[in-house]
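One structure below.
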Amino acid sequence: MKKRLIVAITGATGAVYGIGILKQLRAIGGWESHLVLSEAGVLNAWQELGRGPVTALAELPPSI
Numbered sequence: 321m322k323k324r325l326i327v328a329i330t331g332a333t334g335a336v337y338g339i340g341i342l343k344q345l346r347a348i349g350g351w352e353s354h355l356v357l358s359e360a361g362v363l364n365a366w367q368e369l370g371r372g373p374v375t376a377l378a379e380l381p382p383s384i
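Take 321 as the starting number for the sequence shown in my numbering and just add one per residue.
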């Protein structure tokens with residue numbers, strides 16, 4: 321059974337840390353990750369990282 325972790329990205333800067341956590345969880349395996357983004361978090365993450373990396377890393381689609 322996989323462990324579960326929810327990563328939330330809000331409008332505050334630091335989306336890079338949330339994405340880093342998702343990347344590490346994927347690399348080590350055994351984790352089910354869920355990504356929750358606020359509307360401001362989406363805008364901030366896209367500005368910091370681009371759209372692709374943000375939506376591709378969680379196992380389930382992000383919810384807004």
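Don't be surprised by glycine CBs; every beta carbon is placed ideally from N, CA and C.
Does DSSP put residue i in a helix, a strand or coil?
i      : result
LYS343 : helix
ALA335 : helix
Given residue i, which residues of its chain have a CB within under 8 Å of its CB, disregarding the five upstream and five downstream residues?
i      : result
ALA335 : ILE329, GLY361, ASN364, ALA365, GLU368, LEU369, VAL374
VAL299 : Outside the displayed range of the chain (321 to 384) lies residue 299, so it cannot be described from this structure.
Does the distance from the C-beta atom of residue i to that of residue j stay below 8 Å?
i      : j      : result
GLY340 : LYS323 : no
Starting from the C-beta of residue i, find all residues in its chain whose C-beta is less than 7 Å away, skip the five residues before and the five after it, and write them out in chain order.
i      : result
GLY331 : SER358, ALA360, GLY361, ASN364
Is it buried or exposed for residue i, if we count other Cβ within 10 angstroms and need 16 for buried?
i      : result
GLY372 : exposed
Just to confirm my understanding: we take residue i, look at its own chain, exclude 5 residues before and 5 after, and list those with CB closer than 6 Å. What are they?
i      : result
LEU345 : TRP351, SER353
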